[in-house]
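*Asks:*
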Amino acid sequence: MRRLFGRADPGSAFLIATAIVAAVGALDYALPADVDLGEFYMLAVIVGAWAIGWRTGLLFAVAGASLELAADVLFRVPAPSAVPGIALWNGLSDVGVLGAIAIITDRLYRARRRWIDVDAEQRSLLRVLDRELPRPLRAIGWFARTFEEAVDRASIDAVKAQFGPLRHHIRDATFLVMDLLAVGHLQSAGIHFELRPVSLNALVTDAADETLYRMRVFPSLSGDDPVVLADADRIRHAVASIIGRYLELSTYEPVTVLTRASGDEAVVEIGSAAGSLEPADVELTDMLVKGHGGRMYVVARGPERGSLVSIYLPRATAAIERAATDGSNGGHGATVQEG
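Residue numbers for the sequence shown follow the numbering used here, so the first one is 33 and each next one is one higher.
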């Protein structure tokens, strides 16, 4: 019966509702005429509408009203010609009342289901923030310390080298705090993407350089440097998030990052023998990649070889760039800009 509170097993719900209608109909026929069992047909209507849908609930409403009408007119009334009109009116009234109950029950179920989904999305948002927000904040703290040390040494070049990564981490933190919280629930369709042709090699290099343990990250960049149509900050964050997850799994295992071209797509492959990533580890990256019209796959390679994350992004082909100059927009709140 617990499963009837969802719609995972409509067959069992249909059988239970049918049994209720049959049992009430049999009792209605067997008991005296002054015993009214019409209200008990509501049980079958509610079960059918809640576990299957309003149409099924309406079906049981008609069935219950028909059985009650048959019991009253065919079996109990000594002169059927005297009351069929009244009995028919009562039957139609019962159908109307039970049908309304079926529709209301179905709407209550849908409202409950919608609130459950919203609650699940909010929990997903909190889970993502809990996992993702500490990474750029820790990185900001680390770069702030090194920035201060560079200032103390009065090394202008060292100071300049800190500005780019620090700016990127501030953007990461701003994105997580402002954009995701503004959306209110975890949906890529609610996040705005500023799409422009960018170098995938440059994005991967920036993502690797911004990690806390850069010496354990080994990029292998494609020779033809594929250009993708993407929001640079979002994709950089997506790649850095996966690299950071792998670095957290082990204190010594290296992380490899490979870029390559594959037809109309560019691919980033991030792998490590540190272990396998959980679905929650890649939740934000998957959302950002899908928001760009891309795909992401996680392949477990065994206990000794860890796992591999493959990210596929659309390349900025000539056709896409022409569409961008014509003012074409992406499907996930995206604005295409010329590079």
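Backbone N, C-alpha and C define an ideal beta-carbon position, used for all residues, glycine too. Remember, it's a predicted structure, so these values are computed and weren't measured experimentally.
1. Let's test the definition: count the other Cβ atoms within 10 Å of the Cβ of tryptophan 86 and tell me whether it reaches 16, buried, or not, exposed.
2. Near glutamate 81, what residues of its chain come up, given a Cβ to Cβ distance below 7 Å and the 5 sequence neighbours on each side ignored?
3. Hey, could you find the ends of the beta strand (DSSP E) serine 252 is sitting in?
4. Give the straight-line distance between the Cα atoms of threonine 288 and arginine 248, rounded to the nearest whole angstrom.
5. Should threonine 317 and serine 273 be called a contact, given that it needs their Cβ atoms to be closer than 7 Å?
6. Is it the case that the Cβ atoms of alanine 264 and valine 230 are separated by a distance below 7 Å?
7. Throw me the rounded Cβ distance for the alanine 93 and leucine 130 pair, which I believe falls under 8 Å.
8. Sort Pro346, Tyr329 and Leu345 by Cα distance to serine 339 and report the nearest one.
9. Is it right to say serine 304 is buried, meaning 16 or more other beta carbons lie within 10 angstroms of its own, or is it exposed?
10. Rounded to whole angstroms, what's the CA-CA distance from proline 286 to glutamate 301? Just pull it up for me.
11. Helix, strand or coil for threonine 390? Go by DSSP, reduced to three states.
12. Need the endpoints of the alpha helix (DSSP H) that serine 308 sits in, please.
13. With valine 105 as the anchor, note down where its beta strand (DSSP E) starts and where it stops.
14. Following the continuous beta strand (DSSP E) through phenylalanine 225, name the residue where it begins and the one where it ends.
15. If I measure Cβ to Cβ from threonine 237 and keep anything under 8 Å in the same chain, skipping five residues before and after, which residues do I get?
16. Taking 7 Å as the threshold (C-beta atoms), are alanine 312 and arginine 159 in contact?
17. Going along the chain, which residues of its own chain have a beta-carbon closer than 7 Å to the beta-carbon of alanine 240, five neighbours each way excluded?
18. Please report the residue range of the beta strand (DSSP E) in which threonine 243 lies.
19. Suppose you measure from the CA of serine 98 to the CA of isoleucine 148; what does that come to, to the nearest Å?
20. Methionine 319: which of Ala306, Ile343, Leu101 and Pro335 sits nearest, CA to CA?
21. Given a threshold of 16 other Cβ atoms within 10 Å of its Cβ, counted over all protein chains shown, does leucine 261 qualify as buried or as exposed?
22. Following the continuous alpha helix (DSSP H) through arginine 266, name the residue where it begins and the one where it ends.
23. Measuring CB to CB, does alanine 103 end up less than 7 Å from valine 79?
24. List the whole-angstrom C-beta distance separating leucine 281 from glycine 255, where the pair is believed to meet the contact cut-off of C-beta under 8 Å.
25. Below 7 Å CB to CB, which residues in the same chain sit around aspartate 380 once its five sequence neighbours on both sides are set aside?
26. With a threshold of 16 other CB atoms inside 10 Å of the CB of glycine 117, please say whether the residue is buried or exposed.
27. Skipping 5 residues on each side, what residues in its chain have a beta carbon closer than 6 Å to that of glutamate 315?
28. Out of curiosity, what's the CA-to-CA distance linking proline 346 and isoleucine 267?
29. If you run the structure through DSSP and keep just helix, strand and coil, what is leucine 290?
30. Take methionine 74 as the anchor and find which of Ala293, Arg277, Gly128 and Pro258 has the nearest alpha-carbon.
31. Does the Cβ-Cβ distance between threonine 291 and leucine 227 come in under 7 Å?
32. Going by C-alpha distance, which of Tyr278, Ala332 and His324 is nearest glutamate 297?
33. Among Ala171, Lys322 and Glu164, which has the Cα closest to the Cα of arginine 277?
34. Check whether the Cβ of leucine 232 sits closer than 6 Å to any heavy atom of the ligand NAD, and report yes or no.
35. Can you find the residues in the same chain that come closer than 7 Å, C-beta to C-beta, to leucine 47, ignoring five residues on each side of it along the sequence?
*Replies:* Reading from the atomic positions:
1. buried
2. Going by the sequence as given, residue 81 is alanine instead of glutamate. If we look at alanine 81 and ignore the five residues flanking it on each side, its Cβ neighbours are Thr88, Gly89, Ala134, Thr137 and Asp138.
3. 249–252
4. 8 Å
5. yes
6. yes
7. 3 Å
8. Tyr329
9. buried
10. Rounded to whole angstroms, proline 286 to glutamate 301 spans 14 Å at the Cα level.
11. Past the boundaries of the shown model lies residue 390; the chain is included only from 33 to 371, so the question cannot be answered.
12. No residue range can be given for serine 308, since it is assigned to no alpha helix (DSSP H) and is classified by DSSP as neither H nor E.
13. Where valine 105 is concerned, there is no enclosing beta strand (DSSP E), given that its DSSP letter is neither H nor E.
14. Phenylalanine 225: member of the beta strand (DSSP E) spanning 225–231, first to last residue.
15. Pro251 and Leu253
16. yes
17. Arg246, Val249, Pro251, Ile275 and Val289
18. Note, threonine 243: premise wrong, no beta strand (DSSP E); not H, not E.
19. Inter-residue distance for serine 98 and isoleucine 148 is about 36 Å (C-alpha atoms, whole angstroms).
20. Ile343
21. buried
22. 264–281
23. no
24. Not really, about 30 Å apart at Cβ, beyond 8 Å.
25. This structure does not reach residue 380, given that the chain is present from 33 up to 371, and the question cannot be answered.
26. exposed
27. Val160
28. 12 Å
29. strand
30. Gly128
31. no
32. His324
33. Glu164
34. The ligand NAD is absent from the structure shown, which contains no ligands of any kind.
35. none
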